[in-house]
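So the structure is just underneath, and the comments pick up after that.
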Amino acid sequence: MKFIKLFLSAAVPAGPRRGSLTNVYLRTFRFGPGEPMSVEVIVGAQWGDEGKGKVVDFYSETAELVARFNGGDNAGHTIKFRDREFKFHLLPSGIVRRGVTAVIGNGVVINPEVLLRELRELEAKGIRNFRLFISERAQVIMPYHIVQDELEEAVKGGLKAGTTKRGIGPAYSDKVGRFGITMGDLLDRELLQSKLELAIAIKRNLTAAYGRKQDFPLRKILESYLAMGARLKKHIRNTSTVLNQAIAQKRSILLEGAQGTLLDPDHGTYPYVTSSNAVAGAGAIGSGIGPRAIDWVVGVSKAYTTRVGQGPFPTELTDSIGDHMREVGREFGTTTGRPRRCGWLDLVALSHAVDVNGLDALALTKLDVLGGLRRINVAVAYKIDGEKVHTFPANINMLAAAEPVYKELDGWEALKPAEWTAISRRGLSHLPSAAQEYLEFVCGELGVPIELVSLGPSREATIDLRDELREGPLQRP
Ligand code: GDP
Ligand code: IMO
Ligand code: MG
4 MKFIKLFLSA
14 AVPAGPRRGS
24 LTNVYLRTFR
34 FGPGEPMSVE
44 VIVGAQWGDE
54 GKGKVVDFYS
64 ETAELVARFN
74 GGDNAGHTIK
84 FRDREFKFHL
94 LPSGIVRRGV
104 TAVIGNGVVI
114 NPEVLLRELR
124 ELEAKGIRNF
134 RLFISERAQV
144 IMPYHIVQDE
154 LEEAVKGGLK
164 AGTTKRGIGP
174 AYSDKVGRFG
184 ITMGDLLDRE
194 LLQSKLELAI
204 AIKRNLTAAY
214 GRKQDFPLRK
224 ILESYLAMGA
234 RLKKHIRNTS
244 TVLNQAIAQK
254 RSILLEGAQG
264 TLLDPDHGTY
274 PYVTSSNAVA
284 GAGAIGSGIG
294 PRAIDWVVGV
304 SKAYTTRVGQ
314 GPFPTELTDS
324 IGDHMREVGR
334 EFGTTTGRPR
344 RCGWLDLVAL
354 SHAVDVNGLD
364 ALALTKLDVL
374 GGLRRINVAV
384 AYKIDGEKVH
394 TFPANINMLA
404 AAEPVYKELD
414 GWEALKPAEW
424 TAISRRGLSH
434 LPSAAQEYLE
444 FVCGELGVPI
454 ELVSLGPSRE
464 ATIDLRDELR
474 EGPLQRP
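Okay, here's the thing in C-alpha cells:
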C-alpha cells in the first residue's frame, strides 16, 4: 500500500530533525519474533482534549489492564460506541471493555466523592462486572483544596491558569509539601485524624491570610472521608504490584495520560499549566513501574489545536475558521463546559511534544472537522522579534509574541459522519486526496509515523494503521 510506505518512511529521520528510525527499529532487537508489546503509554501531545478517551478505548480492545497515572477530575475523557457515550473524569477509559482491569495509579489525585459518583453512573449504564484497583498511595482531594484553588486563582490576576476549580493544584502542592492525605489513609482512623489535624490547622491560617474566614470541621470531614474510604476499600491496594505482576506475565498494559504535554508543569506553557506531569515519563512514576518497562509511546493530537483556560496559543483563530472548528468539532469542555479556544495545527509545539515524550507514533484525531475549509494552515516555525524560530520557547512572553509561519495546504470537502465511517472501513487511500496529503505532510515534518487516524467520535470512525506499522517482530498481541 502506497500510503503505508509513506507513513513508514516518516520513521526515517528527515535531515537533522529526529531519529525515529531508532524509535521504530531498535525495538526490533528488544523483542523476539512474535512477542507482544506489553506496556504502551498514551499521552496528550497538545493542551489536552485531544481525544485520548477515544484512542484509549480503541486500543483497549487488545489490552488487559488500563491505568490512569496523572491528574484528577480536571480530566474529561469521552468514549462513544454504538449509541452509548461515557465521560470519565477519574476512571480509566478502558473500564468499559469487558475483561479489562482498570487501575487508578499513585500519580492521580482523587476526589472520592467524584469517584463514587462516577462508579454509580457507570453501574447505572449497565457496566457492572468491572475490576478496579485504586492505588493506596494516590493523594486525596479534600474540601479545603477546592476552596484554596478558588482563592488562589482570584489573587493571581493575569497569571491565573483558569483552572477547573477541582482543587488539583492545591492537592499536588500538599503532596510535595508532605502533608497530603492518601487513599490508604482513608482506611486508618488514627492516621487520618492526625494528618487532618495538621492539614486543617495549616488551611485555616491560609484561608485567613487570603481574607476568607472559613472553618473546616475536623470531625465532620474525618467521618465523611472514613465512610468514603470504607466504600472504596475493596478497590484500594498496592497497584504497583498489580502492574508489575502483569508485566512479568507479559500481559498488555495501557497507561492513560490525562491533560497534555503543553499543560505539563515542566514542559508546558508554565505557569499556564496543570499541576501534574502529563508527559510519557510520568507514566512510569505515576503507576509505579520502571521506565524501561515502557515499550511504546503514542501521542494523541488533533488535526488542529484547542486550548481551554488561559495562556499563550500562537496559532489561535478568533475568526470564522476558529468558529468552524468549535462548532463542527463541538469544542466545549467535557469537565467545565467552557468553549475551547481553537486554532491551526502547530508543528513547533508538536515537535516539542515528540521530544519530551519520546513519541514513537502519533494518533491523529478529528481530521473530519477540517472538512469544508478551502485552505488549511499548519505552523512550521514562529517569528519572534523578526527571527525565525523552530523550537518551542520556554519564555511565556516570547511565546505570546510568536507569530506563526504557516505552510498552506489544500482543504477537502465536508462529509457526513456516515461518509467518514465508510472511509474508515475502506482505509486510508479512500480519504480525500488533500486529506491524505495533509497527513503525509504532518508525519513527514515531524519524522514520526501516524499509526491511527480518527474521523469521528465513535470506534467505527477510525483508521487503524498499527498492524502495518508494527509488523514483523513488533506484532501486536
Ligand atoms: P480527551 O480529554 O483527550 O479524552 O478528549 P475529550 O473527550 O475531552 O474531547 C474530545 C472530543 O472530541 C470528545 O467529544 C470526543 O467524542 C470527540 N472526538 C474524538 N475523536 C474525534 C474525531 O476524530 N472526530 C470528531 N468529530 N470528534 C472526535
Ligand atoms: P483532559 O485529560 C484540557 C487546564 C485547565 C487550566 C489548566 C489548569 O480532558 O485532556 P487545573 O484544574 O488542572 O489546575 O487547571 O489546565 N486543564 C485541561 N485542559 N483538558 C484537560 O484534561 C485539562 N485538565 C486541566 O483548563 O487551563
Ligand atoms: Mg478532555
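Just so we're aligned, residue 4 is where the sequence shown starts under the numbering used here, counting upward by one. Glycine residues also receive a C-beta, built at the ideal position from the N, C-alpha and C atoms. Bear in mind that the values here come from a model prediction, so they are computed numbers and not experimental data.
Rounded to whole angstroms, the gap between the alpha carbons of residue 392 and residue 403 is 13 Å. Counting only heavy atoms of the ligand MG, the residues whose C-beta sits closer than 5 Å to one of them are, along the chain, 52, 79 and 337.
By the Cβ-count criterion, residue 283 is buried, with 16 or more other Cβ atoms from all chains shown falling within 10 Å of its own Cβ. Remark: C-beta atoms of residue 68 and residue 256 approach each other more closely than 9 Å. By the Cβ neighbour-count rule, residue 123 is exposed, with fewer than 16 other Cβ atoms within 10 Å of its own. Using a cutoff of 8 Å, the CB of residue 168 counts as near the ligand IMO, since one of the ligand's heavy atoms is closer than that. For residue 360, there is no enclosing beta strand (DSSP E); the enclosing alpha helix (DSSP H) covers residues 350-360.
Rounded to the nearest whole angstrom, the CA to CA distance from residue 226 to residue 139 is 19 Å. Taking C-alpha positions only, residue 211 is separated from residue 400 by approximately 33 Å. Beta-bridge pairing by DSSP links residue 385 to 392 and 407.
In the three-state reduction of the DSSP assignment, residue 299 falls in the strand class. The Cβ-Cβ distance between residue 376 and residue 445 does not fall below 9 Å. Taking C-beta atoms as the reference points, residue 121 and residue 92 count as a pair closer than 9 Å. Between the ligand IMO and the CB of residue 310, the shortest heavy atom gap is smaller than 8 Å. With contacts defined by Cβ atoms closer than 9 Å, residue 303 and residue 368 form a contacting pair. Using a Cβ distance threshold of 9 Å, residue 385 and residue 396 count as a contacting pair. The beta carbon of residue 131 sits closer than 6 Å to no other beta carbon from its chain once the five residues preceding and following it are set aside. Beta-bridge annotation (DSSP): residue 70 is paired with 106 and 258.
DSSP assignment within the stretch 190-259 yields the following whole alpha helix (DSSP H) runs of 4 residues or more, N-terminal first: 192-212, 221-235 and 242-251. Under DSSP, residue 142 shares a beta bridge with 112 and 185. Residue 237 sits exposed, since fewer than 16 C-beta atoms from the chains shown fall within 10 Å of its C-beta.
Membership of residue 425 in the alpha helix (DSSP H) is indicated by the continuous run 420-429. When secondary structure is reduced to three states using DSSP, residue 305 falls in the strand class. Of all C-beta pairs linking the stretch 135-151 to the stretch 305-325, fewer than three are shorter than 8 Å, placing the two stretches out of contact. Taken through DSSP and simplified to helix, strand or coil, residue 289 comes out as coil. In the displayed model, residue 264 falls within a helix according to three-state DSSP. Residues of the same chain with a CB within less than 6 Å of the CB of residue 100, apart from the 5 flanking positions on each side, are 63 in chain order.
Collapsing the DSSP output to three states places residue 467 in a strand. Ranked by Cα distance from residue 76, the first of 449, 383, 336 and 468 is 336. Where residue 47 is concerned, there is no enclosing alpha helix (DSSP H), although the beta strand (DSSP E) around it starts and stops at 42-47. A Cβ-Cβ separation of about 16 Å leaves residue 278 out of contact with residue 147 under the 8 Å criterion.
One thing to note: residue 188 has its Cβ within 9 Å of the Cβ of residue 198. Counting only residues of its own chain and dropping the five nearest sequence neighbours on each side, residue 254 has a CB closer than 7 Å to the CB of 41, 67 and 68.
For the pair residue 379 and residue 334, the CB atoms are not nearer than the 9 Å cut-off. Across the set 460, 462, 192 and 441, the C-alpha of 441 shows the shortest separation from the C-alpha of residue 453. Residue 323 is not bridged by DSSP to any residue.
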